[in-house]
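Working notes for the structure below.
Protein chains: 2
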Amino acid sequence: MKRIFYITLLFIFSSIIVTAQRAPSLNSPEVHKDHSVTFRYFAKNAKKVLLDTEILSSSLEMIKDSLGVWSVTVPPVKPDIYPYSFWVDSIQVADPNNTYIFANERFKRSLVEIPGDQPLVHELQNVPHGKISYRYYNSTTLGSTRTLLVYTPPGFDVNGSVKYPVLYLIHGGSDTEETWTKVGKAHLIADNLIAQGKAKPMIIVMPYGNVRPKPMPDFTKDVVNDIIPFVESNYPVLTDSKNRAVAGFSVGGGQTLNIGLTNTDKFAYVCSYAPYTATEEYKKNFTNWSPNPELMNKQLKLFTISVGTEDFLYESVKQNIEMFKGKGLNLQSLIVPGGHTWMNCKRYLAATLQQLFNE
Amino acid sequence: MKRIFYITLLFIFSSIIVTAQRAPSLNSPEVHKDHSVTFRYFAKNAKKVLLDTEILSSSLEMIKDSLGVWSVTVPPVKPDIYPYSFWVDSIQVADPNNTYIFANERFKRSLVEIPGDQPLVHELQNVPHGKISYRYYNSTTLGSTRTLLVYTPPGFDVNGSVKYPVLYLIHGGSDTEETWTKVGKAHLIADNLIAQGKAKPMIIVMPYGNVRPKPMPDFTKDVVNDIIPFVESNYPVLTDSKNRAVAGFSVGGGQTLNIGLTNTDKFAYVCSYAPYTATEEYKKNFTNWSPNPELMNKQLKLFTISVGTEDFLYESVKQNIEMFKGKGLNLQSLIVPGGHTWMNCKRYLAATLQQLFNE
């Protein structure tokens, strides 16, 4: 009995130590039925805590209770997934109680998902699910072993008797190879659209587009010389250009133009989202560019550029669109409300997936 | 020309806006050749910044330079992967410049990897790689769709002509289904040991062990009634108990004992790492427990409990070990230096993988 008593004491003691070291576990973010959201953060000695979120255009002051828990409730929000962080006396922090993190190299922000009354295209629904695989490949271009993510659709036929088309999908600047799934929910958008018969079953390959300190054009080489061969030797895929697409956002949208438009023999689908094009590679490719529009329009089954009217790159993207149209290319533009955000990225991708591989 | 000039201006202007909003990109953590590590954090107005790391038993004060970058260099460190965070005027933050995050529900910490002069068992090496897949399964026990991770070994035979044994591997309290890969590098440990012929090719299933607000025993039911059937109907696996193992750390180490020892007809391998056993489920299972040691010793090909001598649960785990041995069970204990850490978890797992499925 004495032994059990001491064990019990030990556990109580351990629990006290752990509790003293850690902040309390809080329910944050708490999404209410009316789509309002309460955010909470524990900081007993902080002087000021702000909620910074892409839901609102300005920060919200949070209020501290007697236990040191700061909170604020945002009024009903349009259902979507939004990044947010706390500014605690000028220090930006992710929400410690939330496991959903914006995969990024430069900041740590959290994500809050407000579900729709009817499930949105990016939500987990009761449909057959594909899977995301984390793979290593050897890049001879970059001289290193790198990670990429591969989405395979529901019912993926591992016997190789069915062959799939492939979308290469590139993240934005300072994002990582995980951003399209963790933030962009590419896998769920694909699951849902495939279940509705609105998208073809396809494989989606999400590489890591940051090749620094190597120059950016090395990523174009990596895609063409390393990633595509890796995918085509490890997955049952269709290898003609009509079954290969490239898409990307921001810096990845610029990379999409560089990769796709210089390789129209390899990619029949080029879909660029809010491209950032102030790069040497883009300048080299498209300044004084003299394409053969008849050939390219024949090769390209789909060439789209998407952007939001509040995107900080909106004017620049409009210039890109005019330039490509001016060269005689068949270009569809998708202009929607919203800014340079991952809320818009999901919308762009959902539109693209319904347009791919329809021939 | 005018248009190009304005576009250029726009980009410069945009860059300025972005730069003003963001902290500078820093090289942190910077691991030097001699295994010392420099950590950096930008906070122009902070009064005090501390580095908190599992490398050292106490925090280190960081020094601010004229640009507002705080830094400190830790002298040569024993190669391993260590969690760390910054305490900025009493606020704990992960390193914004580091994408490697400790997957956890309660805190945000970063990870720094110090490579060995000879590659360690958890390091990315030039060997054939398995893959990690993120899967959804329907839990009838819990009434929800949940995520689990599945490691399949190099050369995984998708045709189903080779069938594999399966290890079910459970994270610690407040960890997530990603912690065994993101922090524990289970996939790389398996890759390396399989390449050396020291571990059998196997499938490793990493579920999410936190079933709150449901009671903890529902996880035991979820494993037996939902997860195992999901795995066995989706992967080419061997389904006898001699080809099924369960292992876990801390709270997951306690769950391992609960799941494994009440189902010795299903699991011939039960490997518990620094188990936390102050739970109702453990109490219910093992207080006044009267096992049949002959039968259990016949069913169990391996029963191990591992712990570090500086683990805060060390005394408790020693009592567990004595209790199980007192009941006549063949139990191997692995007592090593170190605390209740993921540095030790990797060591425990590496030991286990070499002992599994050897019959």
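Protein sequences appear in the order of chains D and Z.
Position 76 of the first sequence, counting from 1, maps to 433 under my numbering, and the rest follow consecutively.
Position 59 of the second sequence, counting from 1, maps to 416 under my numbering, and the rest follow consecutively.
For every residue, glycine included, the Cβ atom is placed at its ideal position computed from N, Cα and C.
Checklist entry - Over what stretch of residues does the beta strand (DSSP E) that includes D:ASN549 continue unbroken? => result In the first sequence, counting from the first residue as 1, residue 549 of chain D sits at position 192. Secondary structure note for D:ASN549: it is in no beta strand (DSSP E), and the uninterrupted alpha helix (DSSP H) holding it is 543 to 552.
Item to check | For D:GLN378, the three-state DSSP class (helix, strand or coil) | outcome: As a first step, residue 378 of chain D is located in the first sequence; it is residue number 21 there, counting from the start. Residue confidence is low: D:GLN378 scores 44 on pLDDT, short of 50, so the model does not pin down where it sits. Its coordinate-derived value is still stated next. Of the three classes helix, strand and coil, the one that applies to D:GLN378 here is helix, per DSSP.
Next on the checklist: Threshold first: 3 residues or longer. Then list the beta strand (DSSP E) segments lying entirely within the segment 576 to 633 of chain Z, N to C.
Outcome noted: The DSSP assignment places 601 to 606, 626 to 630 as complete runs of the beta strand (DSSP E) inside the segment 576 to 633 of chain Z, in order along the chain (cut-off: 3 residues).
Item to check | Beta carbon of Z:ALA708 nearer than 9 Å to that of Z:VAL664 | outcome: On the second sequence, position 351 is the one that residue 708 of chain Z refers to. On the second sequence, position 307 is the one that residue 664 of chain Z refers to. When the beta-carbon positions are compared, Z:ALA708 and Z:VAL664 stay at least 9 Å from each other.
Item to check | Residue-chain proximity (Z:SER496, chain D), Cβ-Cβ < 9 Å | outcome: What you label residue 496 of chain Z is simply residue 139 of the second sequence in a count that begins at 1. So, not an interface residue.
Next on the checklist: Considering only the alpha carbon of each residue, which of D:ASP532, D:ILE692, D:HIS697 lies closest to D:LEU670?
Outcome noted: Stepping through the first sequence from its first residue, residue 670 of chain D is reached at position 313. The residue with the shortest Cα to Cα distance from D:LEU670 is D:HIS697.
Checklist entry - Measuring CA to CA, which of Z:ILE471, Z:PRO476, Z:TRP444 is closest to Z:PHE464? => result By one-based count along the second sequence, residue 464 of chain Z stands at place 107. Just measuring C-alpha positions, the residue of Z:ILE471, Z:PRO476, Z:TRP444 sitting nearest Z:PHE464 is Z:TRP444.
Checklist entry - Just to confirm, does D:HIS544 get its C-beta within under 8 Å of one of the non-hydrogen atoms of the ligand ATP? => result For the structure depicted, the ligand ATP is absent and the ligand set is empty, with no information on it obtainable.
Next on the checklist: Counting only C-beta atoms, is D:TYR441 closer than 9 Å to chain Z at any point?
Outcome noted: Here residue 441 of chain D refers to the residue found at position 84 when the first sequence is read from its first residue. No, D:TYR441 does not count as interfacial toward chain Z.
Checklist entry - Near D:SER531, which residues of its chain fall below 6 Å by C-beta distance, leaving aside the five closest residues on each side in sequence? => result Residue 531 of chain D sits at position 174 when you count from the first residue of the first sequence. Excluding residues up to 5 positions away in sequence, ASN461, GLU462, ARG463 lie with their Cβ nearer than 6 Å to the Cβ of D:SER531 in the same chain.
Next on the checklist: I need the boundaries of the alpha helix (DSSP H) containing D:THR538, first residue and last residue.
Outcome noted: The count along the first sequence starts at 1 and reaches residue 538 of chain D at position 181. Looking at the DSSP string, the run of the alpha helix (DSSP H) that includes D:THR538 is 536 to 539.
Checklist entry - With 16 as the cutoff for other CB atoms within 10 Å, does D:LEU424 come out buried or exposed? => result Here the question's residue 424 of chain D lines up with position 67 in the first sequence. The residue in question, D:LEU424, is exposed, as its Cβ has fewer than 16 Cβ neighbours within 10 Å.
Next on the checklist: DSSP three-state label for Z:THR666, please.
Outcome noted: For the purposes of this step, residue 666 of chain Z is taken as the residue at position 309 of the second sequence. Residue state for Z:THR666 is assigned as coil, using DSSP reduced to three classes.
Next on the checklist: Is the separation between the beta-carbon of Z:ASP579 and that of Z:SER496 shorter than 9 Å?
Outcome noted: In the second sequence, the residue the question calls residue 579 of chain Z occupies position 222. In the second sequence, the residue the question calls residue 496 of chain Z occupies position 139. A contact, by the Cβ cut-off of 9 Å.
Checklist entry - Name the DSSP beta bridge partners of D:ILE420, please? => result Taking the first residue of the first sequence as 1, we reach residue 420 of chain D at position 63. Beta-bridge analysis with DSSP links D:ILE420 to D:SER428.
Next on the checklist: Please give me, in chain order, every unbroken run of the beta strand (DSSP E) with length at least 3 that falls completely inside the segment 435 to 459 of chain Z.
Outcome noted: Unbroken beta strand (DSSP E) runs of no fewer than 3 residues, entirely contained in the segment 435 to 459 of chain Z, are found at 438 to 445, 448 to 450, following chain order.
Item to check | Length of the line joining the Cα atoms of Z:GLU638 and Z:GLY566 | outcome: As a working mapping, residue 638 of chain Z is identified with position 281 in the second sequence. As a working mapping, residue 566 of chain Z is identified with position 209 in the second sequence. Between Z:GLU638 and Z:GLY566, the C-alpha separation is close to 14 Å.
Next on the checklist: Quick check on the DSSP output: the beta strand (DSSP E) that includes Z:ASN495 runs from which residue to which?
Outcome noted: Numbered from 1 along the second sequence, position 138 holds the residue referred to as residue 495 of chain Z. For Z:ASN495, the enclosing beta strand (DSSP E) has its first and last residue at 488 to 496.
Checklist entry - When you check each C-beta in the segment 458 to 473 of chain Z against every C-beta of chain D, which residues fall closer than 8 Å? => result Close to chain D, meaning a Cβ-Cβ distance shorter than 8 Å, are the following residues of the segment 458 to 473 of chain Z: ILE458, ALA460, ASN461, GLU462, ARG463, PHE464, LYS465.
Item to check | Integer Cβ distance of Z:VAL450 from D:VAL450, believed to fall under 8 Å | outcome: As a first step, residue 450 of chain Z must be located in the second sequence, where it is residue number 93. As a first step, residue 450 of chain D must be located in the first sequence, where it is residue number 93. Approximately 5 Å separates the beta-carbon atoms of Z:VAL450 and D:VAL450; this is inside 8 Å, confirming the contact.
Checklist entry - Under 9 Å, do D:SER490 and D:THR509 count as touching if we go by C-beta distance? => result In the first sequence, residue 490 of chain D corresponds to position 133, counting from 1. In the first sequence, residue 509 of chain D corresponds to position 152, counting from 1. Yes. Within cutoff.
Checklist entry - Got a sec, what are the start and stop residues for the beta strand (DSSP E) D:ILE561 sits in? => result Position 204 of the first sequence, counting from 1, holds the residue named residue 561 of chain D. 560 to 563 is the span of the beta strand (DSSP E), which, as asked, contains D:ILE561.
Item to check | Within chain D, the residues that Z:ASN454 reaches when beta carbons sit closer than 8 Å | outcome: If you number the second sequence from 1, residue 454 of chain Z lands on position 97. Those are GLU462, ARG463, listed as they occur along chain D.
Checklist entry - Under a three-way DSSP split, which group does Z:GLN689 fall into? => result For the purposes of this step, residue 689 of chain Z is identified with residue 332 of the second sequence, where counting begins at 1. Per DSSP, reduced to three states, the secondary structure at Z:GLN689 is strand.
Checklist entry - So what's Z:VAL674 in DSSP terms, helix, strand or just coil? => result In the second sequence, counting from the first residue as 1, residue 674 of chain Z sits at position 317. Z:VAL674 sits in a helix when the DSSP states are folded into three classes.
Item to check | Close Cβ partners of D:VAL429 (< 8 Å) along its chain, the five nearest in sequence each way excluded | outcome: Translated into positions along the first sequence, residue 429 of chain D becomes position 72. Excluding residues within five positions, the ones whose Cβ falls inside 8 Å are THR395, PHE396, LEU408, LEU417, GLU418, MET419, ILE420.
Checklist entry - Thinking C-beta only, is Z:ALA552 closer than 9 Å to Z:PRO485? => result For the purposes of this step, residue 485 of chain Z is taken as the residue at position 128 of the second sequence. For the purposes of this step, residue 552 of chain Z is taken as the residue at position 195 of the second sequence. Yes, the Cβ-Cβ distance between Z:PRO485 and Z:ALA552 is below 9 Å.
Checklist entry - Mind pulling the chain Z residues with CB within less than 8 Å of D:ALA403? => result Residue numbering aside, residue 403 of chain D sits at position 46 when the first sequence is read from its first letter. By Cβ distance, chain Z contributes SER447, ILE448.
Item to check | CB contact flag (D:ASN600, D:ALA635, <9 Å) | outcome: Counting from one through the first sequence, the residue named residue 600 of chain D turns up at place 243. Counting from one through the first sequence, the residue named residue 635 of chain D turns up at place 278. Cβ atoms of D:ASN600 and D:ALA635: not closer than 9 Å.
Next on the checklist: Run through chain D and tell me which residues come within less than 7 Å of Z:HIS528, C-beta to C-beta.
Outcome noted: Against the second sequence, residue 528 of chain Z aligns to sequence position 171. Near Z:HIS528 there are no residues of chain D at all, since even the closest Cβ is about 12 Å away, more than 7 Å.
Checklist entry - Helix or strand or just coil, what does DSSP make of Z:THR709? => result Within the second sequence, the letter at position 352 stands for residue 709 of chain Z. Here Z:THR709 sits in helix by DSSP.
Item to check | Below-9 Å beta-carbon distance, D:HIS479 vs any chain Z residue | outcome: Sequence index remark: in the first sequence, residue 479 of chain D carries index 122 (1-based). Chain Z, which has no Cβ nearer than 9 Å to the Cβ of D:HIS479, makes this no.
Next on the checklist: Cβ closer than 9 Å: which chain D residues qualify as neighbours of Z:ARG492?
Outcome noted: As a working note, residue 492 of chain Z is residue 135 in the second sequence. Result: HIS486, LYS488, ILE489.
Item to check | Spatial neighbours of D:HIS544 in its chain, beta-carbon cut-off 7 Å, leaving aside the 5 residues before and after | outcome: In the first sequence, counting from the first residue as 1, residue 544 of chain D sits at position 187. Within the same chain, D:HIS544 has close Cβ partners GLY487, ILE489, TYR508, THR538.
Next on the checklist: Going by C-alpha to C-alpha distance, which of D:THR666, D:ASP622, D:LYS655, D:GLU679 sits closest to D:PHE643?
Outcome noted: Looking up residue 643 of chain D in the first sequence gives position 286. Of D:THR666, D:ASP622, D:LYS655, D:GLU679, the residue nearest in Cα terms is D:GLU679.
Checklist entry - From D:VAL568 to D:PRO650, what distance separates their C-alpha atoms? => result Residue 568 of chain D sits at position 211 when you count from the first residue of the first sequence. Residue 650 of chain D sits at position 293 when you count from the first residue of the first sequence. Cα-Cα distance, rounded: 31 Å.
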